[in-house]
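Inspection log for the structure reproduced underneath, given as structure tokens.
Protein chains: 2
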Amino acid sequence: MLGAMSDVESAAKPLTPRARARAQTIADIVRLGREHLAKQGAAALSLRAVARDLGVVSSAVYRYVESRDELLTLLLVDAYNELGDAVDAALDACPESDHRARFAALAHAVRSWALREPARYGLLFGSPVPGYQAPAERTTEPGTRVVRALIKVVDDAYREHGGTPAQTRPPAVGPGLHADFEAIRAQLGSTLSDDALARGTLVWTALFGTVSFEVFGQYGPETFRANDELFDLHVEHLAGLAGLG
Amino acid sequence: MLGAMSDVESAAKPLTPRARARAQTIADIVRLGREHLAKQGAAALSLRAVARDLGVVSSAVYRYVESRDELLTLLLVDAYNELGDAVDAALDACPESDHRARFAALAHAVRSWALREPARYGLLFGSPVPGYQAPAERTTEPGTRVVRALIKVVDDAYREHGGTPAQTRPPAVGPGLHADFEAIRAQLGSTLSDDALARGTLVWTALFGTVSFEVFGQYGPETFRANDELFDLHVEHLAGLAGLG
DNA sequence: TGAAAGTCAAGAGCACTGCTCTCAAAAGTT
DNA sequence: AACTTTTGAGAGCAGTGCTCTTGACTTTCA
Numbered sequence: 653m654l655g656a657m658s659d660v661e662s663a664a665k666p667l668t669p670r671a672r673a674r675a676q677t678i679a680d681i682v683r684l685g686r687e688h689l690a691k692q693g694a695a696a697l698s699l700r701a702v703a704r705d706l707g708v709v710s711s712a713v714y715r716y717v718e719s720r721d722e723l724l725t726l727l728l729v730d731a732y733n734e735l736g737d738a739v740d741a742a743l744d745a746c747p748e749s750d751h752r753a754r755f756a757a758l759a760h761a762v763r764s765w766a767l768r769e770p771a772r773y774g775l776l777f778g779s780p781v782p783g784y785q786a787p788a789e790r791t792t793e794p795g796t797r798v799v800r801a802l803i804k805v806v807d808d809a810y811r812e813h814g815g816t817p818a819q820t821r822p823p824a825v826g827p828g829l830h831a832d833f834e835a836i837r838a839q840l841g842s843t844l845s846d847d848a849l850a851r852g853t854l855v856w857t858a859l860f861g862t863v864s865f866e867v868f869g870q871y872g873p874e875t876f877r878a879n880d881e882l883f884d885l886h887v888e889h890l891a892g893l894a895g896l897g
Numbered sequence: 653m654l655g656a657m658s659d660v661e662s663a664a665k666p667l668t669p670r671a672r673a674r675a676q677t678i679a680d681i682v683r684l685g686r687e688h689l690a691k692q693g694a695a696a697l698s699l700r701a702v703a704r705d706l707g708v709v710s711s712a713v714y715r716y717v718e719s720r721d722e723l724l725t726l727l728l729v730d731a732y733n734e735l736g737d738a739v740d741a742a743l744d745a746c747p748e749s750d751h752r753a754r755f756a757a758l759a760h761a762v763r764s765w766a767l768r769e770p771a772r773y774g775l776l777f778g779s780p781v782p783g784y785q786a787p788a789e790r791t792t793e794p795g796t797r798v799v800r801a802l803i804k805v806v807d808d809a810y811r812e813h814g815g816t817p818a819q820t821r822p823p824a825v826g827p828g829l830h831a832d833f834e835a836i837r838a839q840l841g842s843t844l845s846d847d848a849l850a851r852g853t854l855v856w857t858a859l860f861g862t863v864s865f866e867v868f869g870q871y872g873p874e875t876f877r878a879n880d881e882l883f884d885l886h887v888e889h890l891a892g893l894a895g896l897g
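So the sequence lines, in the order shown, correspond to chains Y and G. For what it's worth, my numbering labels the leading residue of the first sequence as 653, then goes sequentially. For what it's worth, my numbering labels the leading residue of the second sequence as 653, then goes sequentially.
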């Protein structure tokens with residue numbers, strides 16, 4: 653889709669009927685691919701199945717999409733942009749000045765999109781598809797939209813009042829979550845408070861989030877040379893968050 | 653491996669030569685599967701390739717392993733236990749009393765194993781393999797070893813002195829990481845301090861870690877009913893960590 | 001208008017996958 | 001020695017990505 657459309661756009665000619673039909677077919681392929689991706693995940697994405705749904709023989713789709721990996725790249729960019737759009741929309745609906753609310757909006761936008769599109773989220777942030785290497789020149793720009801938005805939020809906050817230290821009063825735990833924590837305490841024989849368990853689960857998931865980013869190469873190829881130091885810092889903060897003085 | 657051995661063990665008979673050979677063959681299959689998994693990832697794991705390496709025709713391996721999914725389960729349990737062993741070993745090498753050091757040891761054990769075995773880590777904590785559903789009765793016990801160890805660390809600390817509040821003095825940033833942060837600031841036109849960037853990256857990865865846990869179902873099937881509340885709490889803490897008062 | 005150029009879908013085919021079935025040989029048991 | 005169980009081989013089915021050739025169609029241009 654992107655490739656074909658940019659070809660057409662760069663030519664700046666009125667679309668010939670043929671070019672229109674071609675762009676439409678590629679758009680259809682991406683749409684069907686997205687549906688398959690959403691249903692079964694990236695590893696199960698099959699060009700032949702897309703061809704069947706398109707009502708065409710399997711070899712025909714190769715006229716429009718170079719390979720399965722090419723389609724995967726199209727879908728990757730597609731998904732990154734949809735997530736980026738969701739985050740941008742959530743931020744736009746927030747007052748410029750309330751930085752905490754803006755962060756919360758960003759976080760919730762990421763989560764709702766991920767829950768709505770688990771397989772596509774998995775393509776972006778899960779284990780890499782074997783044998784597939786995303787072409788950086790096409791994926792880094794859309795792939796960094798969320799981080800850039802996050803940095804802007806934090807940057808704005810610091811520019812305004814130089815980083816407020818974390819509040820220490822624990823946020824309130826609602827009844828539903830309290831019941832979950834009760835069950836966990838019973839199951840594991842733990843005596844940790846609701847607040848400690850909330851922090852603990854965050855430390856747990858954050859630990860694996862940090863490790864996953866490094867293992868799956870989601871920081872970007874050349875972002876961090878001092879990965880060990882970065883991880884040590886993160887562990888320090890997580891230990892503090894867990895309450896391990 | 654597990655199935656066969658438990659059959660033999662439950663019979664409590666001395667191993668017949670045939671049973672010995674069978675157990676050995678299954679062990680070989682798991683070993684070869686682990687090698688393939690480590691090289692190409694779960695989605696590319698092929699029973700036929702394993703059969704070739706074993707020097708046997710493809711249908712023969714079905715005498716030992718019910719299906720590809722069955723082999724995947726074997727490898728899943730295998731990986732969980734190796735990670736669990738690594739964490740336990742790291743904890744055993746730590747003084748009982750230094751809870752912060754124990755947490756750091758656990759974290760570093762997870763990270764080194766993950767970096768050593770990226771594809772197997774991906775099987776455990778990446779996007780789910782399409783069409784494969786891990787049998788809970790065989791995977792939950794080994795799959796929860798790390799969390800249980802983590803909870804024990806935190807529990808011990810709280811039992812001893814009731815949860816020390818997080819220290820507020822920022823940990824020192826080394827020269828290597830400082831250079832990385834300089835590059836990031838230059839690239840993004842940010843003026844955030846090293847400490848703010850360290851916290852920011854942790855917030856970033858932690859956000860996606862938390863979302864991934866929920867999307868990929870790594871909390872366990874029935875652990876949290878109040879997922880929304882839990883996420884809100886996590887966002888609160890992350891906002892605090894990011895310095896968004 | 002008519003021929004050349006460009007574009008397209010179809011089909012066959014290759015090498016791979018998971019998995020099932022049958023059959024004969026090997027191994028263990030009585 | 002006869003019988004039973006276990007095992008490996010091979011064929012086969014349905015699926016995959018991808019390539020190549022062939023014939024038909026559309027656009028362009030003289």
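For each residue, glycine too, the CB sits at the ideal point set by N, CA and C.
Residue burial classification, residue i (beta-carbon count within 10 angstroms, cutoff 16)
i: Y:Tyr714; result: exposed
i: Y:Glu789; result: exposed
i: G:Glu874; result: exposed
i: Y:Pro787; result: exposed
i: Y:Arg811; result: exposed
i: G:Gly895; result: buried
i: Y:His688; result: buried
i: G:His813; result: exposed
i: Y:Glu718; result: exposed
i: Y:Arg877; result: exposed
i: Y:Pro770; result: buried
i: G:Asp659; result: Confidence is the limiting factor: at G:Asp659 the pLDDT is only 38, short of 50, which leaves the residue's position unreliable, though a coordinate-based value still follows. Its Cβ having fewer than 16 others within 10 Å, G:Asp659 is exposed.
i: Y:Arg821; result: exposed
i: Y:Thr725; result: buried
i: G:Val805; result: buried
i: Y:Gly892; result: buried
i: Y:Arg704; result: exposed
i: G:Gly783; result: exposed
i: Y:Ala673; result: exposed
i: G:Val798; result: buried
i: Y:Thr792; result: exposed
i: G:Thr677; result: buried
i: Y:Pro794; result: buried
i: G:Arg763; result: buried
i: Y:Arg772; result: buried
Residue i: contacting residues in chain Y (beta-carbon distance under 8 Å)
i: G:Ala850; result: Leu882, Leu885, His886, His889
i: G:Gly774; result: Gly778, Ser779, Pro780, Val867, Phe868
Interface residues of chain G facing residue i [CB-CB closer than 9 Å]
i: Y:Leu743; result: Within chain G, no residue comes near Y:Leu743; the closest Cβ sits about 14 Å away, beyond 9 Å.
Beta-carbon neighbours of residue i, restricted to chain G and to distances below 8 Å
i: Y:Arg877; result: Gly828, Ala831, Asp832
i: Y:Ser842; result: Ile803, Asp807
i: Y:Leu896; result: His751, Arg752, Phe755, Val805, Val806, Ala809, Thr816
Check: residue i C-beta below 7 Å from any heavy atom of the ligand MG
i: Y:Ser864; result: Within the structure as shown, the ligand MG is missing, as the structure has no ligands at all.
Interface residues of chain Y facing residue i [CB-CB closer than 7 Å]
i: G:Pro782; result: Gln692, Gly693, Ala695, Ala696
Within chain G, the residues that residue i reaches when beta carbons sit closer than 7 Å
i: Y:Pro823; result: Leu885, Glu888
i: Y:Leu735; result: Near Y:Leu735 there are no residues of chain G at all, since even the closest Cβ is about 11 Å away, more than 7 Å.
- Item | chain Y contacts from the segment 681-703 of chain G (Cβ-Cβ distance under 8 Å) | Those residues of the segment 681-703 of chain G that come within reach of chain Y (Cβ to Cβ, closer than 8 Å) are Gln692, Gly693, Ala694, Ala695, Ala696.
- Residues of the segment 712-727 of chain G whose Cβ lies closer than 9 Å to any Cβ of chain Y, in chain order: none
- Scan the segment 850-869 of chain Y for residues whose Cβ lies nearer than 8 Å to a Cβ of chain G and list them as they occur along the chain. Ala850, Arg851, Gly852, Thr853, Leu854, Val855, Trp856, Thr857, Ala858, Leu859, Phe860, Gly861, Thr862, Val863, Ser864, Phe865, Glu866, Val867, Phe868
- For the segment 747-769 of chain Y, enumerate the residues whose C-beta is nearer than 7 Å to any C-beta of chain G, in chain order. The residues in question are His751, Arg752, Phe755, Ala756, Ala759, Val762, Arg763, Ala766, Leu767.
- Task: Give, in chain order, every residue of the segment 789-801 of chain Y whose Cβ lies closer than 9 Å to some Cβ of chain G.
- Result: Val798, Val799, Arg800
- Touch check for the segment 878-895 of chain G and the segment 823-840 of chain Y: three-plus C-beta pairs under 8 Å? Pairwise C-beta distances place the segment 878-895 of chain G in contact with the segment 823-840 of chain Y, as three or more of them are shorter than 8 Å.
- Cβ contact (3+ pairs, closer than 8 Å) linking the segment 701-712 of chain Y and the segment 740-756 of chain Y: no
- Message: Taking contact to mean 3 or more Cβ pairs, one atom from each stretch, closer than 8 Å, check whether the segment 860-875 of chain G and the segment 845-852 of chain Y are in contact.
- Response: no
- Message: Three Cβ pairs or more, each shorter than 8 Å: is that satisfied between the segment 855-867 of chain Y and the segment 771-781 of chain G?
- Response: yes
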